[in-house]
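First the structure, in the form of structure tokens, and then the observations on it.
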Amino acid sequence: MKNIFIPILLLTVLFTSQTYGQTEIGGVSLSDTLKIGDDSLVLNGGGIREKFWLDLYVGGLYLTQKESNAQAIIDANQPMVIYLDIVSGLITSEKMIEAVDEGFQKSTQGNIEPFKNKIESFKSAFSEAIKENDTYTIAYSSDEVTISKNGKKITSIQGMEFKKALFGIWLGEEPADENLKQGMLGLN
Numbered sequence: 029m030k031n032i033f034i035p036i037l038l039l040t041v042l043f044t045s046q047t048y049g050q051t052e053i054g055g056v057s058l059s060d061t062l063k064i065g066d067d068s069l070v071l072n073g074g075g076i077r078e079k080f081w082l083d084l085y086v087g088g089l090y091l092t093q094k095e096s097n098a099q100a101i102i103d104a105n106q107p108m109v110i111y112l113d114i115v116s117g118l119i120t121s122e123k124m125i126e127a128v129d130e131g132f133q134k135s136t137q138g139n140i141e142p143f144k145n146k147i148e149s150f151k152s153a154f155s156e157a158i159k160e161n162d163t164y165t166i167a168y169s170s171d172e173v174t175i176s177k178n179g180k181k182i183t184s185i186q187g188m189e190f191k192k193a194l195f196g197i198w199l200g201e202e203p204a205d206e207n208l209k210q211g212m213l214g215l216n
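Residue numbers (the working numbering): 29 to 216.
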């Protein structure tokens with residue numbers, strides 16, 4: 029009996045340790061914690077960006093502590109990350125840039141003029157071809173938004189007001205996807 033117990037225990041530990049600290053959404057595993065500089069962030073929530081019943085990407089929101097108030101998150105001047113994992117081959121660079129333009133229009137209620145150059149810089153993060161399984165990390169810390177693709181830094185953009193407009197794309201009054209917003213807020 030002892031000879032059977034040890035292998036079963038080892039297999040249990042092995043499989044548990046591989047999934048420990050992960051949350052699965054739409055077939056994508058999101059880490060429950062994330063480091064940004066010296067700050068530890070926790071997965072606040074996540075969801076799937078859908079359009080016409082097609083899954084486009086899985087998004088996760090990481091904060092210093094859990095929060096379900098979207099406006100409080102948008103207004104917070106503290107480290108946070110929006111993580112996007114592309115799950116569809118239908119997303120192209122052009123479509124992502126169009127979606128970003130539309131998102132900023134909605135997030136700023138059409139007042140994009142103060143952010144025009146920063147928006148162009150942000151859109152440059154999506155100028156290269158986008159493939160299924162590409163990941164984007166949009167990290168805010170110390171008055172700066174840093175965008176990375178597949179772990180490689182693409183650009184950084186200064187400004188808390190820009191960060192508010194940017195995070196408003198997913199968390200604002202007219203988000204890119206209401207279900208994704210609710211998921212990121214940990215409400216579903």
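Where a beta carbon is used, it is the ideal one built from N, C-alpha and C, also for glycine.
*Which residues does DSSP pair with Gln50 in a beta bridge?*
In the sequence shown, the residue the question calls residue 50 occupies position 22. Paired residues: Ser59.
_Start-to-end residues for the alpha helix (DSSP H) that takes in Leu213_ = Taking the first residue of the sequence shown as position 1, residue 213 is located at position 185. It is not in any alpha helix (DSSP H) - Leu213 carries neither H nor E in the DSSP assignment.
*Taking Cβ positions, are Gly73 and Val86 nearer each other than 8 Å?*
Position 45 of the sequence shown, counting from 1, holds the residue named residue 73. Position 58 of the sequence shown, counting from 1, holds the residue named residue 86. Cβ distance not < 8 Å, so Gly73 and Val86 don't count as in contact.
_Boundaries of the beta strand (DSSP E) in which Lys180 is found, first to last residue_ = Indexing the sequence shown from 1 puts residue 180 at position 152. Counting along the chain, the beta strand (DSSP E) containing Lys180 begins and ends at Lys180 to Gln186.
*Contact belief for Leu219 with Asp60 at Cβ below 8 Å, rounded distance in angstroms*: Nothing can be reported for residue 219, as the shown portion of the chain is limited to 29 through 216.
*Using alpha carbons as the reference points, say which of Ile175, Lys159, Ala167 and Glu52 lies closest to Ser121.*
What you label residue 121 is simply residue 93 of the sequence shown in a count that begins at 1. Checking every option, the nearest Cα to that of Ser121 belongs to Lys159.
*Taking Tyr90 and Val115 to be in contact with their CB atoms under 8 Å, please state how far apart those CB atoms are, rounded to whole angstroms.*
The sequence position of residue 90 within the sequence shown is 62, counting from 1. The sequence position of residue 115 within the sequence shown is 87, counting from 1. Incorrect: roughly 19 Å between the Cβ atoms, too far for contact.
*Asp67 bridges to which residues according to DSSP?*
By one-based count along the sequence shown, residue 67 stands at place 39. Partner(s): Ile64.
*Sorted by chain position, which residues of the same chain lie with C-beta nearer than 6 Å to Ile76's C-beta, five sequence neighbours on each side aside?*
In the sequence shown, counting from the first residue as 1, residue 76 sits at position 48. Gly54, Asp83 and Val86.
_Contacting residues, own chain, Cβ-Cβ under 7 Å from Gly214 (five flanking each side not counted)_ = Here residue 214 is taken as the residue at index 186 of the sequence shown, counted from 1. Excluding sequence neighbours, Gly214 sits near Asn72, Gly73, Lys94 and Ser96.
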